[in-house]
Structure formats: C-alpha cells, structure tokens
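First residue of the sequence shown? That's 219 in the numbering used here, and the numbers climb one at a time after it.
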Amino acid sequence: MVFSSLAFLCVFLPVVFLLYVLLPQTRAKNALLIVASLVFYAYGEPVYVVLLLASALLNWVLGLAIGDAARRQGSGGRRRVALIVAVTLNLAFLVVFKYSGWLLTLANQTLGTKLAAPHLALPIGISFYTFQALSYVIDVYRGTSAPQRSFFRLLLFISLFPQLLAGPIIKYHELEAQLARRRVTVRKVATGLRRFAVGLAKKVLIAIPMAAVVDAIYAAPHNQINIAVAWIAALAFLAQIYFDFSGYSDMAIGLASMFGFSYAENFDHPYISRSIQEFWRRWHISLSSWFTTYLYIPLGGNRKGRVRAVLNRFVVFVLCGLWHGANLTFLVWGAFQGFLMMLEELLPLRKLPRALGWFYAFVMVCLGFVVFRASSVAQALFMLRQMFAGFNFSHLPVARASWMLSPLVITVFCVAIVASTPFARQLIDYLRARVRGLAPVVRVASYVSALALFVMCFLSLSVGGYHPFIYFRF
C-alpha cells in the first residue's frame, strides 16, 4: 500500500517541497529526499524498507569493490567476480520475491512434486529499483561512472520517490552529476507542476474510466462477450495502460523537475508507430534503453551478423516479458513481441505504405496487450477468439456492449484518441511559428489548463476509491 492520492497531494508533497526549498545546501536537501523517499515507500509496508536499504548497501559495497579492483594492476578477475556477485544477488532478490512461488508451482505441475510455494508479498517497485541498482554496478564495471563513495548519494539514486514505484528506469550515469549538484529554479518548478498535473489528468480522467470498462468485461461471463465487447475491452485497455503508465511517467518527470532533477522522456506517442520496432522506440523508452544497453549489446547486438542480431532481440523481449511478472501471459507476450521483431528483420514490413504500416503495428500491439491483460493464457485465447469469431448477437452480449459504451466512455475514448497523438503539440508549434506574439499566450494558457485539470482531478479523487497504477505490481 502507498499513500492515498489526496494525502500525497495535500500533505506529503507540499511539506517535503517547502522544506526542500528552505534547506540551503545540496547535502541537506539530499538527506531530506532520502528520509521522504523512505517514509513514502514504508507507508503501509515498512518491512520492505529493509529490503530497499539492503539492496542499496549491497550495491554500494560491490560498486566500491569493483572500483578498487579496477585501480589495481592485474585485478581484472576480481572485478569480474565482484560484478558477477552483484548481478547474481540483485537478480536473486527478484527471483525470491517475484518468481519463486510461480516457479515452484510450475515445477509441481510439470514434475508432479509437492514443493511448498512461499506466499511472499511482492515489494512494490522492486523490478524498477533493482534495474537501477544493476545499472550502477555495471556502469562502474565498464568505467562509465566512478564508484560512488557516498552511500547516501547511491541510496538517493535508488530510492528517490518520484520514480521509485513505477519508473522511469534511470541509468546511474544519467543522474550521477545531479546527485551532487543541481539547481531549483522558478521555471523548473512551474514546468514540473504543469507536467505533474497533465500526468495526474491522464490517470484520473482517462485511465480510471477505461479501467472500469476493462475490468467489467474481463470479469463478465463468457456468454456476455461477443466480437463487439471483446474489441471494446481491447481498445479500452490500450487507452488504460498508455494513459496510466505515461501518466505516472509524466508525474515522475514533473516531480523530479520540481526538485531540480532532469529525467529523460519515457513515452513518445507510441500508438502512431508504423512498425513494432518503432513502437518499442516510443513505448517505455527507459526499459527498452536499459535492455539495449545492458543486455542486447553485451549479447553481441548486431555485430555478429543478422541471424545473431535477430536471436538476440528475441531473447531480450522474452526476458522483457518475464520482467513484467510471474505469469505465463507475460512470457507469451514477450515472446510475441520478439517474434514480431524477428519478422520485421526478415520481411520488408517496415516498407509498407504509411497507413498500412500503422494498421499492422496498431493491430499487433492491440493483440499483444490482450495477452498482457489476461489473467491466464486460456482467458487470453478466449478473448482473441471472440475478437475475430465472436458473432453472438443475442440479448446478453448486445446489452453488455450498450452498457459499456456510455456517453462518458465514448467521450473519454475520443479524448484518448486525440491525446495519444502529437496533434495538439504540432498545432501549437504551427501557430507559434505563424502568429507573432503567440508564445506568451500559449504559455499562460498551458498553465491555466494544467490548473483546471488539477482541480478536476482533485474533485474526482475526493469522491474516494483506490486506483493504483498498473506498473506498481511490476
């Protein structure tokens, strides 16, 4: 459990930010952010703060060991051993807390054994902060970054609350200098607040209504799901997952800006992609970049021929699917993404006409997310079958479709379609270039709009209900 939305907005964030601004030195600001981040993470499940601290301490010690070995002549073996230990222990955290129960269950089903599967609560955000910790030790091993002598700066990097629960995944070398020196300016705070409001609106005004549609359909009896209902669920989930996750990323980027940090973008209008390769350059950019930097390139990348590059990509996406969770659906989804990447290397799919390329990519992404959302492979196969062969137009599925397509849902769908494209940004850029003196007007309008969105979100959240972000469970 994490802070309720209203408690975060009304108490936690204002108090932390006010104290942060009042503190004079970076060291004191860092200390405040560490305490705030640990309190934020500990709310509801304080025991897992110990795991977070253990991860930070472990990687700090091993990072120092790798750095010290690098300075000693002929100590390459010790460096490699320290790196292997670091990678093994970090992945062990993931396996024990995220995959052990699933793996033992699979073993029991496959081998007929009766091993007791542990029932461990999944620490929120463990996949994200573990990957950030891995980026630190690997960067030190490669010489990209110097070992961090201050444990508290490394702890701040791993635990910083804006991205702690659901990313973006920040590589250590991207934030290294900012841990020691950064500036808080009025412009950064203002743009950060605006970005935060936009992200909150994505979650509250689009993702939550879409989630209600998706959850209702996936929980409905099979005899209420026909081709129309199945496609409504598939398209609603496309909107839900994009605006949920990109909304969280916007909020994290905005909060980071308020505290003087700069995070890279994590989404770039992925639903306008014309191939799966382009989609993965636009979707969850920080995860794609992490796998490219720390797995795909070490495997050989595209340096060892086309066949090896294709196989490397397939391996990366299978592991990417597995990273998302301990369920066969995620493994199948990752394998499907890898298969499409292989297909695009072997066939000229990326040379399709613009409209046809977009249609191909959109449908493949949509089908993949049906598997991603399903609770089991059987449910995924049923939904996919209904999407193409569910020609049942009896009273129950027709009533279900009519109930799902309420005026609110249709309105949110239309807003989601426009908001998932760069149309608004392109229109503003066009007007700025053509109309003299428009830039200040646009800037003021953007802040007024952000304030209006924030008020709407606040009123919506005050009604109540707990709506966690999708990626909290990863």
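Ideal placement from N, C-alpha and C gives every residue a C-beta, glycine not left out.
6 Å CB neighbourhood of residue i in its chain, flanking five on each side removed
| i | result |
| --- | --- |
| LEU649 | LEU656 |
| ILE426 | HIS685 |
| TYR689 | ALA384 and PHE463 |
| LYS247 | TYR238 and LEU241 |
| VAL536 | GLY552, ALA553 and GLY556 |
| SER678 | VAL422 |
Limits of the unbroken alpha helix (DSSP H) element including residue i
| i | result |
| --- | --- |
| TRP576 | 572 to 591 |
| THR547 | 546 to 564 |
| VAL407 | 404 to 419 |
| PRO232 | 231 to 240 |
| VAL630 | 625 to 637 |
| HIS391 | 390 to 398 |
| HIS502 | First-last for HIS502: undefined, no H or E at that position. |
| ASP486 | Unbroken run through ASP486: none, as it is neither H nor E. |
| ASN248 | 244 to 260 |
| GLY465 | 445 to 476 |
| PRO615 | 613 to 622 |
| SER353 | 344 to 360 |
| PRO686 | From DSSP, PRO686 is part of no alpha helix (DSSP H); its letter is neither H nor E. |
| GLY281 | 265 to 289 |
| CYS538 | 524 to 541 |
Exposed unless 16 or more other CB atoms sit within 10 angstroms - verdict on residue i
| i | result |
| --- | --- |
| CYS538 | buried |
| LYS389 | buried |
| SER593 | exposed |
| HIS502 | buried |
| ILE376 | buried |
| GLU483 | exposed |
| ASN441 | exposed |
| LYS522 | exposed |
| GLY543 | buried |
| THR323 | exposed |
| PRO640 | exposed |
| PRO365 | buried |
| GLY343 | buried |
Separation of residue j from residue i, as counted between CA atoms
| i | j | result |
| --- | --- | --- |
| GLN555 | TYR489 | 15 Å |
| VAL220 | ARG526 | Bear in mind that a pLDDT of 49 at VAL220, under 50, signals an unreliable position, so the model cannot answer this. |
| SER318 | SER345 | 14 Å |
| VAL447 | VAL234 | 45 Å |
| PHE230 | VAL253 | 12 Å |
| VAL504 | SER612 | Here residue 504 is Ser; the residue named in the question, Val, does not match the sequence. Computed Cα separation, rounded: 46 Å. |
| ILE260 | LEU614 | For the sequence presented, residue 260 should be read as Ala rather than Ile. In a straight line, the C-alpha of ALA260 is about 46 Å away from that of LEU614. |
| LEU411 | ALA395 | 23 Å |
| SER680 | VAL583 | 34 Å |
| LEU570 | SER638 | 22 Å |
| LEU340 | ASP647 | 44 Å |
| ASN610 | ILE445 | 7 Å |
| MET622 | VAL636 | 20 Å |
| VAL589 | LEU352 | 29 Å |
| LEU269 | VAL653 | 55 Å |
| PRO439 | MET428 | 19 Å |
| ALA430 | TYR665 | 30 Å |
| ALA419 | ALA668 | 9 Å |
| LEU393 | PHE258 | 21 Å |
| GLY518 | TRP508 | 15 Å |
7 Å CB neighbourhood of residue i in its chain, flanking five on each side removed
| i | result |
| --- | --- |
| VAL239 | VAL402 |
| ALA300 | LEU280, ALA283, ILE284 and ALA287 |
| PRO336 | SER318 and GLY319 |
| LEU276 | LEU307 |
| LEU585 | LEU602 |
| TYR578 | LEU567 and LEU570 |
| VAL305 | LEU352 |
Cβ distance (whole Å) where residue i is taken to contact residue j below 8 Å
| i | j | result |
| --- | --- | --- |
| ILE494 | TYR481 | In fact, because the Cβ distance is near 25 Å, the residues do not count as touching under 8 Å. |
| GLY608 | ILE450 | Rounded, the Cβ-Cβ distance is 12 Å, inconsistent with contact. |
| LEU250 | LEU237 | 6 Å |
| ILE459 | VAL633 | In fact, because the Cβ distance is near 16 Å, the residues do not count as touching under 8 Å. |
| PHE455 | ARG591 | 5 Å |
| TYR347 | LEU382 | 6 Å |
| TYR359 | ARG297 | 6 Å |
| CYS550 | VAL595 | Going by the sequence as given, residue 550 is Val instead of Cys. With a Cβ gap of about 6 Å, VAL550 and VAL595 count as contacting. |
| ALA457 | PHE631 | 7 Å |
| TYR466 | PHE676 | Going by Cβ atoms, the distance from TYR466 to PHE676 rounds to 18 Å, so no, they are not a contact pair. |
| VAL265 | LEU256 | At roughly 13 Å, the Cβ-Cβ gap does not stay under 8 Å, so VAL265 and LEU256 are not in contact. |
| HIS391 | THR409 | So it is not a contact: roughly 24 Å between Cβ atoms. |
Contact set for residue i: own chain, Cβ-Cβ below 8 Å, skip 5 residues either direction
| i | result |
| --- | --- |
| ARG371 | ASN248, LEU397 and ALA398 |
| ARG531 | TYR514, GLY556, MET559, MET560 and GLU563 |
| VAL407 | SER475 and MET476 |
| PHE606 | ILE445 |
| ALA334 | LEU322 |
| PHE485 | TYR460, PHE463, SER464, SER467, ARG500, TRP501, HIS502 and ILE503 |
| ALA642 | VAL636 |
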